[in-house]
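Asks:
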Amino acid sequence: SGHATVSLPGGCAIGARPVDLHLQALEAMGADLRVEQGYVKAAAIHGLKGAHINFAMPSVGATEHAMLTATLAQGETVLENAAREPEIEDLAVCLNSMGAKITG
């Protein structure tokens, strides 16, 4: 436990799907990441910790990913320059109904 290996995403009709913001958020929470041969190898043997994350640009996917990850991390996580689409608010309501404490 405490580790995962996932493939990097491909493109789609909209275009390339960069994951840099996702990876930066995971690293800020204490994940040790390596990108090798088209895969992201992540480890957080001692768990993830809350962090202050300032996204370089708003991203719905990265914001959702950080919110989901933060709910299982120890401590408080603050997201700045996060996406503000309606689905972000819906996710916060859903996570709060399951015991998270998301405000903002």
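Numbering (my numbering), first residue to last: 473 to 576.
All residues carry an ideal CB built from backbone N, CA and C; glycine is no exception.
This structure is a prediction, so every number in the text was calculated from the model and none was measured.
Would residue 500 pass as a contact of residue 525 if the rule is Cβ separation under 7 Å?
Replies: Yes. Within cutoff.
Asks: In chain order, what residues of the same chain have a beta carbon less than 7 Å from the beta carbon of residue 547, not counting five sequence neighbours either side?
Replies: So the qualifying residues of the chain are 521, 522.
Asks: Do residue 543 and residue 572 have their C-beta atoms within less than 7 Å of each other?
Replies: In this structure, residue 572 lies closer than 7 Å to residue 543 by Cβ.
Asks: Just mark residue 528 as buried or exposed, buried being the case when its beta carbon has 16 or more other beta carbons within 10 Å.
Replies: It is exposed - the Cβ of residue 528 has fewer than 16 other Cβ atoms within 10 Å.
Asks: Skipping 5 residues on each side, what residues in its chain have a beta carbon closer than 6 Å to that of residue 514?
Replies: If we look at residue 514 and ignore the five residues flanking it on each side, its Cβ neighbours are 476, 503, 505.
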